[in-house]
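Asks: Numbering of the sequence shown is given in my numbering, commencing with residue 529 and proceeding in unit increments.
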Amino acid sequence: MEPLAGIPVNEVEDNQVENPQATPTSNSGKSECKKDEFWPLSGKPYFSVFLCKSHLKPRYQLVLPGKIYQALPDGRVPVILTYCGKDWDLTYLGRGDLRRFDCTWKSFVDDNDLEIGDACVFELAESSRDIIRFRVQILKGDFPAELEERVNGETSSTPIILD
């Protein structure tokens, strides 16, 4: 069975300071993907995150789940996130209990119009003391417009029910 991107929040599978001006760079040698295109994971370590308020405005803080730590080096290491043929340069802050991406994560969020409820799957492509590379899949959490008026999931009287 090939694992796909629909995995639980912050789950990691083993088998399978700050520079706010980071900008994406295009990889002319890689093929562009469609924003709604998904592919099977390769079997390398990965984790997923359902985006919430702290991942986005105003803090833009993405703390990585503890189970991925064993696959990542300690210390401050450059990170490249690749999505749809474009790269974003970030920094991994790998010390202490809350290992995370620096605030340049904001450029990835903004450039990809990420919102609360979207999910990202980060598949580790390379990990060394010199560089960390993740291949990213984005699953947009768009809610059907015809139901949006009736439910918002903020209270028990307006739950979001998944069939």
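Heads up, the beta-carbon is just placed ideally off N, CA and C, and yes, glycines get one too. Since the structure is predicted, the reported quantities are computational estimates derived from the model, not experimental observations.
Please return the same chain residues whose Cβ sits closer than 7 Å to the Cβ of Leu592, not counting the five positions on each side in sequence.
Replies: Once the five neighbours on either side are set aside, the close Cβ partners of Leu592 are Phe575, Arg627, Arg628.
Asks: Going by the CB atoms, is the gap between Val637 and Tyr588 shorter than 9 Å?
Replies: Yes, the Cβ-Cβ distance between Tyr588 and Val637 is below 9 Å.
Asks: Closest by CA to Val605, which one among Leu590, Lys595, Asp617, Tyr611?
Replies: Nearest of Leu590, Lys595, Asp617, Tyr611 to Val605, Cα basis: Asp617.
Asks: I need the straight-line Cα distance from Gly603 to Gly645, nearest angstrom please.
Replies: Computed Cα separation, rounded: 30 Å.
Asks: Can you tell me which residues form a DSSP beta bridge with Ile707?
Replies: With the chain covering 529 to 691 only, the question about residue 707 has no answer from this structure.
Asks: Could you spell out the range, first to last residue, of the alpha helix (DSSP H) harbouring Trp633?
Replies: Per DSSP, Trp633 belongs to the alpha helix (DSSP H) from 633-639.
Asks: Give the secondary structure of Lys614 by DSSP, where H, G and I count as helix, E and B as strand, and everything else as coil.
Replies: Strand, per DSSP.
Asks: Going by Cα to Cα distance, which pick from Lys614, Asp639, Glu643 is closest to Ser582?
Replies: Here the closest residue by C-alpha is Glu643.
Asks: Would you identify the three-state DSSP class for Ile596, choosing helix, strand or coil?
Replies: Three-state result, Ile596: helix.
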